[in-house]
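Residue numbers (UniProt numbering): 1 to 240. C-beta: ideal position from N, C-alpha, C; glycine also.
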């Protein structure tokens, strides 16, 4: 039995980059695993995870979806307790997959968050599998440049930080955008790749995808933060 990998996947740029790098390294990724969290999550990318199914279809890799349910009672406790609780359904899903496949490990897109990475690493240790985290402690600007150079098309779908107004919603993450984010990092401490929750993204096309994701949306702005409300999403014509 050939060892298989599972890519922890939201459809955002970081998990998509981890998947892409795993494929480039020749890892046998046979499943994408998406957790659909509540609106308040310490462990997971929250917005537009329903679009992961389109991204999975475009990559041609089977998608496994996890719905943790209501964690509101846990949220009343401290963040560490909530993070641990949020990890439980993910670990259960991986344990189920382990029973049907030779699971070698998982990919993850964390850059600097020890809160997330320590918990995922501990989970991998319990399951006796490996963790492939190619973004971990890499330079954020260099990572952003590498994503663009590889051909990633990235749309900003949510913002919540000083310096990010409604005009950022729906904006493409390109070299000019990275320059502006670097300036906001200097001024306000905004993470260049938004790992602090300053903004969230969706990868609409890339070298690991056969067809781009096309979006129709409206913007919702609430004074200091906002998001895209996706009204329609579908796969476009096959690339090339």
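Check	Outcome
According to the Cβ coordinates, are residue 228 and residue 111 closer than 8 Å?	no
Please state whether DSSP places residue 157 in a helix, a strand or coil.	strand
Rounded to the nearest angstrom, what separates residue 238 and residue 2 at their Cα positions?	30 Å
Only counting the same chain, and skipping five residues up and downstream in sequence, which positions put a Cβ closer than 6 Å to that of residue 160?	225
Going by DSSP, which residues form a beta bridge with residue 221?	226
Quick one: which unbroken alpha helix (DSSP H) runs of 4-plus residues sit fully inside the region 14–67? Chain order, please.	52–59
From which residue to which residue does the alpha helix (DSSP H) around residue 184 run?	175–188
Excluding the 5 residues preceding and the 5 following residue 248 in the sequence, name in chain order all residues of the same chain whose CB lies nearer than 6 Å to its CB.	For residue 248 there is no data in the structure shown, the boundaries of the chain being 1 and 240.
Is the region 139–156 close to the region 197–210, with three or more CB pairs under 8 Å?	yes
Does DSSP put residue 115 in a helix, in a strand, or in coil?	helix
Whole-angstrom Cβ separation of residue 213 and residue 51, contact assumed at under 8 Å?	7 Å
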